[in-house]
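Take a look at the structure set out below.
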Amino acid sequence: MIKEMYKNLGIDENVYNFTKNIENELKDRFAKIDEVAEYNQLKVMKAFQKNQVSEAHLGVSTGYGYNDIGRDTLEKVYADVFGTEDALVRPQITCGTHALGIALSANLRPGDKILYISGKPYDTLEEVIGIRESKGSLAEYGIKYGQVDLLPNGDFDFDGIKKAITSDVKMVGIQRSKGYETRPTISVEKTGQVINFVKEINKDIIVMVDNCYGEFVDIVEPSNVGADMVVGSLIKNLGGGLAPIGGYICGTKECVENCAYRLTTPGLGKEVGASLDVIHTFYQGLFMAPTVVASALKGAIFAANVFERLGFNVIPNSTEERYDIIQAVTFGSPEGVIAFCKGIQAAAPIDSYVTPEPWDMPGYDSQVIMAAGAFVSGSSIELSADAPIKPPYAVYFQGGLTWQHAKFGILKALQQLVNENIVTI
Ligand SMILES: *Cc1c(COP(=O)(O)O)cnc(C)c1O
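Pasting the structure below:
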C-alpha cells in the first residue's frame, strides 16, 4: 500500500526498495534520537511548569508592549531551558543574522576585538562584522576582527587561539554548525573544552556561541558548558515550525541587558516590544521543538546513508555522531545540486509545482539555489535545501517537521537525480 502511494507521487519501485533497505538498518540510531527528544521534551515541560505558563500568557499585546506577561514569561522559560540568567526572545528579531548582529554590536565597543575561533563565520556575518565591506558594519565602528581556523581534522587550534587572544579581545565567537562550509560541526563537549581554555587565559572574555541548527540535537547546550551567550533563529530548530518569525539570545544578565538596549533602545531595553499575536506560536513551537528536531535528524541521517551508498561525499558521514541537523552532500557539479533541490521542492506541501532557480541572494557572495516549499517563508526547520553555486557544489539539506515528510523529500530528490541520469541505482 505504501509503495503504491509513493508510486502515485512519482517514486519508482527501485528507488523505494533501495531506500527501504537503508531505512531498516537505521532503527537503533533512530531509537537513540528519540531518547534525546524525550529528555529535551521533559526539559521543556519542566521550564513551562516551573514558570506556570497559563492561558493568559498566550494572548495578544499591542503598542508599546509594557507589562507583556506572555513575552516576559516566555523569556523566563527560555532562560530555564538554556540554564542562563536571562533571555531575549522576540518577534522584533528578524532572523538569525539579526540576533547575532545584536549579540555582537551590543556587547562590543570601539577598540574591542571579536575573535572567531571556529574559522570563518556564516556568510551573512561577514557583512555584519565588516569582513566584507558593508555600511554600518562593526568595522565602521572601530571594532576589530580576528579569526583562528579549525585544524584540518576539525578540532580547535588551541595554540593558535592562545596566540590570538591579545588584550583587546573582548569577545570570542564560536559557530557550532558548519554553515556553508564542508567542515564538521562542533560538539557541545568540545565547545565546553575550548570555553574553559579561553576563560583560563582571560575569564572576562565573553564567549558567544552561534547556536543555529544545534538546539536540542543533544541533551546539553553550549550555555550549560560556560558560554555567556547562545544565539539563534526561531525559524530554525526552536520555533518548532510554528514560530513565523523571531530570534533568541540566552545568556548572562549583563549580556542580555546589553542586547535588549541594542534591539530596542538604551533606557527602554526589554520593557518594550509588543508580541502582537505571535507569542502563542513561540510557546507551542518550543513545546514541539524536541520532536521536530528529532524528525529532522532522522532525515539527515537517512540522506547521509542513501547518498553515501551511491558514492557521494557526505558530511557528516553515514555513521558519525550528529551535532546539528544539517546534511551536506557534495555532488561536484551544478547539475547535481540543482536536481537535488528540484526534488526537495517537488516534495513540498507548499509550492511543490514550482522549479527553484539559482539567484543573487542578499548577504551571499555567490548565487544560491534554495528549495523551500514552506508554511513559513524561508523556514529551514521545514524540509529545505540550499546550495551556493560554487565548488565543491555541495548541497545543504535540512529540516522536516515530520520524519515521514523528510523521507519523502529525500526520495523525491533521489528520483530527480535518477530521472536526470546523474545517478543510477
Ligand atoms: C542560518 C544561520 C545563520 C543566520 O540565520 P538567518 O536566520 O538565515 O539570518 C547564522 N549562523 C548559522 C550557523 C546559521 O545556520
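Each residue of the sequence shown is one higher than the one before, starting from -3 at the first, in the numbering used here. Glycine included, C-beta positions come from ideal geometry on N, C-alpha and C.
Is Tyr209 near ligand 1, going by C-beta to nearest heavy atom under 7 Å? In the sequence shown, counting from the first residue as 1, residue 209 sits at position 213. The answer is yes for Tyr209.
For Val71, which residues in the same chain have their Cβ closer than 8 Å to its Cβ, ignoring the five residues on either side in sequence? Walking along the sequence shown from the start, residue 71 turns up at place 75. Reading off the sequence, residue 71 comes out as Glu, not Val. Answer for Glu71: Asp82, Ala83, Leu84, Val85, Lys266, listed in chain order.
Contacting residues, own chain, Cβ-Cβ under 7 Å from Asp320 (five flanking each side not counted): Here residue 320 refers to the residue found at position 324 when the sequence shown is read from its first residue. Correct list, in chain order: Arg172, Ser173, Thr181, Tyr209, Gly210, Val213.
Once the 5 residues before and after Phe278 are set aside, which same chain residues still bring their CB inside 6 Å of it? In the sequence shown, counting from the first residue as 1, residue 278 sits at position 282. Leaving aside the five residues that flank Phe278 on each side, the residues in its chain whose CB is nearer than 6 Å to its CB run, in chain order, Leu70, Ala239.
Just to confirm, are Lys408 and Ala343 a CB contact at a threshold of 8 Å? Taking the first residue of the sequence shown as position 1, residue 408 is located at position 412. Taking the first residue of the sequence shown as position 1, residue 343 is located at position 347. With respect to Ala343, Lys408 sits close: the two C-beta atoms are nearer than 8 Å.
Chain-order list of residues whose beta-carbon lies under 6 Å from that of Ile202 (same chain, five-residue window excluded): As a working note, residue 202 is residue 206 in the sequence shown. If we look at Ile202 and ignore the five residues flanking it on each side, its Cβ neighbours are Asn103, Met167, Asp224.
With hydrogens ignored, establish whether the beta-carbon of Cys91 is closer than 7 Å to any heavy atom of ligand 1. The residue you call residue 91 lines up with position 95 of the sequence shown. Cys91: yes, Cβ under 7 Å from ligand 1.
Where do the N-terminal and C-terminal ends of the alpha helix (DSSP H) with Tyr279 fall, by residue? In the sequence shown, the residue the question calls residue 279 occupies position 283. 275 to 305 is the span of the alpha helix (DSSP H), which, as asked, contains Tyr279.
First through last residue of the alpha helix (DSSP H) which encompasses Gln189: By one-based count along the sequence shown, residue 189 stands at place 193. Unbroken alpha helix (DSSP H) run through Gln189: 184 to 197.
Short Cβ contact (8 Å threshold) for Val165 with Lys199: Stepping through the sequence shown from its first residue, residue 165 is reached at position 169. Stepping through the sequence shown from its first residue, residue 199 is reached at position 203. No. Outside cutoff.
Are there 16 or more other CB atoms within 10 angstroms of the CB of Val350, so buried, or fewer, so exposed? The residue given as residue 350 occupies position 354 in the sequence shown. Exposed, since its Cβ has fewer than 16 Cβ neighbours within 10 Å.
Ligand 1 heavy atoms versus the CB of Gln45: any closer than 7 Å? As a first step, residue 45 must be located in the sequence shown, where it is residue number 49. No, Cβ of Gln45 sits at least 7 Å from all heavy atoms of ligand 1.
In whole angstroms, what is the alpha-carbon distance linking Ile215 and Val288? If you number the sequence shown from 1, residue 215 lands on position 219. If you number the sequence shown from 1, residue 288 lands on position 292. Their Cα atoms are separated by approximately 15 Å.
Using C-beta distances below 7 Å, list every residue in its chain close to Gly150, excluding the 5 sequence neighbours before and after it, in chain order. Counting from 1 along the sequence shown, the entry for residue 150 is found at position 154. Taken in chain order, the residues that qualify are Arg179, Pro180.
Under DSSP, the beta strand (DSSP E) around Phe393 begins and ends at which residues? Residue numbering aside, residue 393 sits at position 397 when the sequence shown is read from its first letter. 390 to 394 is the span of the beta strand (DSSP E), which, as asked, contains Phe393.
Whole angstroms is fine: what's the gap from Ile125's alpha carbon to Arg258's? Position 129 of the sequence shown holds residue 125. Position 262 of the sequence shown holds residue 258. Using only the alpha carbons, I get a separation of about 16 Å.
Just to confirm the assignment, what range does the beta strand (DSSP E) spanning Val205 have? Here residue 205 is taken as the residue at index 209 of the sequence shown, counted from 1. 202 to 206 is the extent of the beta strand (DSSP E) around Val205.
Could you tell me the distance, in whole angstroms, from the CA atom of Ala43 to the CA atom of Ile421? As a working mapping, residue 43 is identified with position 47 in the sequence shown. As a working mapping, residue 421 is identified with position 425 in the sequence shown. Ala43 and Ile421: Cα-Cα distance of roughly 48 Å.
Are at least three pairs of beta-carbons, each pair with one atom in the segment 240 to 254 and one in the segment 87 to 103, less than 8 Å apart? yes
Find the nearest neighbour of Pro352 within the set Val333, Gly138, Asn309, judged by alpha-carbon distance. Within the sequence shown, residue 352 is the residue found at index 356, counting from 1. Checked all of Val333, Gly138, Asn309; the closest Cα to Pro352 is Val333.
Is Thr187 near ligand 1 - that is, is its Cβ less than 7 Å away from at least one heavy atom of it? Counting from 1 along the sequence shown, the entry for residue 187 is found at position 191. Result no, Cβ not under 7 Å from ligand 1.
Shortest alpha-carbon distance to Thr80 belongs to which of Leu22, Asn313, Val227, Val274? The sequence position of residue 80 within the sequence shown is 84, counting from 1. Checking every option, the nearest Cα to that of Thr80 belongs to Val227.
Tell me which residues share the same chain as Ile161 and place their Cβ nearer than 6 Å to its Cβ, disregarding the 5 neighbours each side in the sequence. Position 165 of the sequence shown, counted from the start, is the residue given in the question as residue 161. Cβ neighbours of Ile161 beyond the five flanking positions: Ile197.
From Leu121, Gln189, Ser163, Lys140, pick the residue whose C-alpha is nearest to that of Asp153; which is it? As a position in the sequence shown, residue 153 is number 157, starting the count at 1. Of the listed residues, the one whose Cα sits closest to Asp153 is Gln189.
Is Asp206 a contact residue of ligand 1, with contact defined as CB to any heavy atom under 7 Å? Walking along the sequence shown from the start, residue 206 turns up at place 210. Because some heavy atom of ligand 1 lies under 7 Å away, the Cβ of Asp206 counts as near it: yes.
Looking at the secondary structure, which residues open and close the alpha helix (DSSP H) in which Val32 lies? On the sequence shown, position 36 is the one that residue 32 refers to. Looking at the DSSP string, the run of the alpha helix (DSSP H) that includes Val32 is 23 to 46.
Starting from Tyr176, trace the alpha helix (DSSP H) both ways and give me its first and last residue. Translated into positions along the sequence shown, residue 176 becomes position 180. Annotation for Tyr176: no alpha helix (DSSP H) segment contains it, and DSSP assigns it neither H nor E.
Roughly how many angstroms lie between the CA atoms of Gly115 and Pro218, to the nearest whole one? Counting from 1 along the sequence shown, the entry for residue 115 is found at position 119. Counting from 1 along the sequence shown, the entry for residue 218 is found at position 222. Those two C-alpha atoms are separated by around 18 Å.
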